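Residue numbers (my numbering): 1061 to 1192. As structure tokens, the structure follows; a few thoughts come after it.
So this is what it looks like as structure tokens:
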């Protein structure tokens, strides 16, 4: 499975034992990640997050196939100005929580590319139900 290979490569530098790979990579394969409640409280209450998720879902719906890391990075960086948040953190952090359920992990653009367009859209839809 190419997705398994990619997930293992992305998590490789973050784990020290083979036993850690399962929990570290679980979010790649779960239908929906379990959202960390503290992360949801911290990031999903910001006013810009609902439009961020709507913009991301719209953009993904317009992609003919799975977007690349570079395309994902360019889109999310553009949202800093579109949403007037001034820096990348307010874009990256809620997006990471929506995609992984947690506030840490491999590079966001890379993991989003591995998830693919359809799985990203499913996770955005789920995250939208959790907005505060």
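We put the CB at the ideal spot given by N, CA and C, even for glycine. Since we're looking at a predicted model, the values are computed, not measured.
Query raised in the report: Taking Cβ to Cβ, would you say residue 1108 is nearer than 8 Å to residue 1145?
Result: On the chain shown, residue 1108 is found 48 positions in, with the first residue counted as 1. On the chain shown, residue 1145 is found 85 positions in, with the first residue counted as 1. Going by C-beta atoms, residue 1108 is nearer than 8 Å to residue 1145.
Query raised in the report: CA-CA distance, residue 1127 and residue 1186?
Result: On the chain shown, residue 1127 is found 67 positions in, with the first residue counted as 1. On the chain shown, residue 1186 is found 126 positions in, with the first residue counted as 1. Taking the straight line joining both Cα atoms gives about 20 Å.
Query raised in the report: Taking Cβ positions, are residue 1180 and residue 1120 nearer each other than 8 Å?
Result: Here residue 1180 refers to the residue found at position 120 when the chain shown is read from its first residue. Here residue 1120 refers to the residue found at position 60 when the chain shown is read from its first residue. Yes, the pair counts as a contact, with Cβ atoms nearer than the cut-off.
Query - For residue 1176, the nearest candidate out of 1061, 1101, 1125 (CA to CA) - result: As a position in the chain shown, residue 1176 is number 116, starting the count at 1. With distances taken between Cα atoms, residue 1176 lies closest to 1125.
Query - Run of the alpha helix (DSSP H) containing residue 1129, from where it starts to where it stops - result: On the chain shown, residue 1129 is found 69 positions in, with the first residue counted as 1. First-last of the alpha helix (DSSP H) with residue 1129: 1129 to 1142.
**Report entry** Identity of the residue in 1122, 1182, 1151 nearest residue 1105 by Cα
**Finding:** Here residue 1105 is taken as the residue at index 45 of the chain shown, counted from 1. Nearest C-alpha to residue 1105: 1151.
Report task. Determine the direct distance from the alpha carbon of residue 1103 to that of residue 1153, and round the result to whole angstroms. Result -> Locating residue 1153 in the chain shown gives position 93, counting from the first residue. Locating residue 1103 in the chain shown gives position 43, counting from the first residue. Residue 1153 and residue 1103: Cα-Cα distance of roughly 7 Å.
**Report entry** Run of the alpha helix (DSSP H) containing residue 1212, from where it starts to where it stops
**Finding:** No answer is possible for residue 1212: it lies beyond the span of the chain, which begins at 1061 and ends at 1192.
Query raised in the report: So what's residue 1191 in DSSP terms, helix, strand or just coil?
Result: Counted from its first residue, the chain shown places residue 1191 at position 131. Coil, per DSSP.
Query raised in the report: So is residue 1145 in contact with chain D if we call contact Cβ pairs under 8 Å?
Result: The structure shown contains no chain D; it is built from a single protein chain.
Requested in this report: For residue 1166, name the three-state secondary structure that DSSP assigns.
Outcome: Within the chain shown, numbered from 1, the residue matching residue 1166 stands at position 106. When DSSP states are grouped into helix, strand and coil, residue 1166 belongs to the coil group.
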